[in-house]
Ligand code: PMP
């Protein structure tokens, strides 16, 4: 992720990653009481662009607020810092990882002070593997009565590690994780959609991290006239559907090959979901919907 030249933003300064460290006496390390973001920048025809930068940083501010972590940066300030950081590191296609860490304090009460770190690293190796084989996890998502699930909190990801590793140990690529009522919620680090008769379905807010990519999928659907619905559904309804995909900043739009070894019916290229995938690839490169409609086969 970093080498001896890498620069990060750390508690108000731009410093060498190799020289930055955090203490051992904090709630963020001991209790997972920190909030973070996962953002990506792309090399476009107009220069380097951070996709949905403001939306991500607004979610970071919101996550801190929900977790009662004092935090004073505005989204606009953080966007500016990040562009500067990308430039200092000579990065175009990059992954951006801001984290709000609580200052030393070991109490089980709200954070007293926090500081912001932003790390950036190269993400040139294109898109992640398409056509993933996924399984329904034996782990549930964090219960919304126990956690602020709509916040992106470090501690929540212990659950993601368990679910993802279980899937890998069983020979799958990823997990589909259910909510406390047995409905499909999301993946370990992405939201989940399935397609049936040309319409897309995804879980409503409640037990999911409401993804910025998920919102972008809705935006694409609205612009291209693709029908979609947010609803609760059981894994049986998704298994063997026409198509399925994961969406998230890191994953982008990733096709699912099968769920619990049951293949999705359509060839990915024949699904409406594949149109969304192509549209997303155009959008991150800042191409507008007029251009996009001229390129895509969806009337
Ligand atoms: N759910 C979880 C649990 C995630 O970690 C992520 C990735 N941040 C998402 C959904 C997708 O969110 P986004 O599209 O904002 O990256």
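In UniProt numbering, the protein residues as written are 2 to 300. Where a beta carbon is used, it is the ideal one built from N, C-alpha and C, also for glycine.
Three-state secondary structure assigned by DSSP to residue i
| i | result |
| --- | --- |
| residue 227 | coil |
| residue 107 | coil |
| residue 70 | coil |
| residue 35 | coil |
| residue 269 | helix |
| residue 142 | coil |
| residue 64 | helix |
| residue 23 | coil |
| residue 174 | coil |
| residue 289 | coil |
| residue 92 | coil |
| residue 7 | coil |
| residue 83 | helix |
| residue 18 | helix |
| residue 76 | helix |
| residue 101 | strand |
| residue 116 | strand |
| residue 160 | helix |
| residue 296 | helix |
| residue 149 | coil |
Cα-Cα separation between residue i and residue j, rounded to whole angstroms
| i | j | result |
| --- | --- | --- |
| residue 112 | residue 59 | 20 Å |
| residue 191 | residue 204 | 12 Å |
| residue 5 | residue 57 | 28 Å |
| residue 218 | residue 243 | 18 Å |
| residue 115 | residue 200 | 44 Å |
| residue 96 | residue 238 | 34 Å |
| residue 262 | residue 41 | 32 Å |
| residue 264 | residue 240 | 8 Å |
| residue 152 | residue 233 | 20 Å |
| residue 24 | residue 139 | 35 Å |
| residue 169 | residue 245 | 19 Å |
| residue 224 | residue 251 | 23 Å |
| residue 295 | residue 146 | 46 Å |
| residue 249 | residue 214 | 5 Å |
| residue 31 | residue 143 | 18 Å |
| residue 284 | residue 107 | 44 Å |
| residue 1 | residue 98 | Nothing about residue 1 can be reported from this structure: the residues present for the chain run from 2 to 300 only. |
Contact belief for residue i with residue j at Cβ below 8 Å, rounded distance in angstroms
| i | j | result |
| --- | --- | --- |
| residue 209 | residue 150 | 7 Å |
| residue 189 | residue 161 | 4 Å |
| residue 123 | residue 92 | 6 Å |
| residue 133 | residue 257 | 5 Å |
| residue 297 | residue 279 | 6 Å |
| residue 236 | residue 185 | 6 Å |
| residue 117 | residue 101 | 6 Å |
| residue 1 | residue 84 | Residue 1 falls outside the range modelled here, since the chain spans only 2 to 300, and no answer is possible. |
Q: Please list the segments of the alpha helix (DSSP H) lying wholly inside the stretch 176–262, counting only runs of 4 or more residues, in order along the chain.
A: Secondary structure within the stretch 176–262: the alpha helix (DSSP H) runs of 4 or more consecutive residues, fully enclosed, are 213–225 and 236–239 (chain order).
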